[in-house]
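Residue numbers (the working numbering): 1009 to 1170.
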Amino acid sequence: MDEFGEIYQQYGGMIFGFLMRLCGNRDLADELTQETFYQAIKGWKRYRGDAGVSTWLCGIAKRLYWASLRKAPPTPACTTEPCVPDFTEQLITGDRAMVAQRLLHELAEPYREVFTLRTFCELSHAQIGELFAKSETWARVTYYRARQTLAAGMKETDTDEA
């Protein structure tokens, strides 16, 4: 069990951040983080090591998040932390953070999830591809398209405001 305590110490914050970006609700993200690690403890014997621990945990968290959506209506997006891509972070403050947040939450799947895994969970393209049972190239292209869509949305809001 000490080994699992170390795993929680190492990956707990990452899983919580991943879930925060998906659901935008601190309480739900905290609950799902706890449930993720509970499910991981229960299924530890089935973990084969084919994927990294972080990939495996993100997979569990993702499944729990999708299950929570089936049980209840979606919650409002978080407004306390700007959910913005790294490449525009220095440009976004105040109202622009809300625009970026809205654009991220409106992003179609799997683009939103791939973008979140890459940007906020810092998973590699190979890990993301593995998580989706796709190739590393698929993950790269999907991430690139997500970034392009977000950048275009930000640019569009700039021209609308001018």
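Using N, Cα and C, we set each Cβ at its ideal position, and we do this for glycine too.
Model, not experiment: these values are computed from the prediction.
Assignment of Glu1164 by DSSP, reduced to helix, strand and coil, places it in the helix class. The residue from Glu1130, Val1107, Met1106 and Lys1142 with its alpha-carbon nearest to that of Pro1118 is Lys1142. Non-local C-beta neighbours of Val1122 in its own chain, meaning closer than 8 Å and more than five positions away in sequence, comprise Ile1136, Phe1140, Ala1147, Thr1150, Tyr1151 and Ala1154, ordered along the chain.
Counting every other CB atom within 10 Å of its CB across the protein chains shown gives Val1061 a total below 16, marking it as exposed. Going by DSSP, Leu1115 is part of no alpha helix (DSSP H) at all; its letter is neither H nor E.
Annotation for Tyr1016: Phe1045 place their beta carbon closer than 7 Å to its own, counting only its chain and skipping 5 residues before and after. Annotated three-state conformation of Leu1139 is helix, per DSSP.
Nearest in C-alpha terms to Ala1134, of all of Glu1011, Leu1036 and Thr1145, is Thr1145. Between Ser1132 and Trp1064, the alpha-carbon positions lie close to 13 Å from each other. In this chain, the alpha helix (DSSP H) harbouring Phe1045 covers Arg1034 to Gly1051. For the pair Thr1165 and Val1107, the CB atoms are nearer than the 8 Å cut-off. In this structure, DSSP gives Gly1060 a state outside helix and strand, which the three-state scheme calls coil.
Straight through space, the alpha carbons of Glu1011 and Gln1018 are spaced by roughly 11 Å. One Cα belongs to Asp1035, the other to Gln1042, and the distance between them is close to 11 Å. By the CB criterion at 8 Å, Thr1124 and Phe1026 fall inside the cutoff. The distance from the Cβ of Ile1068 to that of Ala1037 is about 14 Å, inconsistent with a contact at the 8 Å cut-off.
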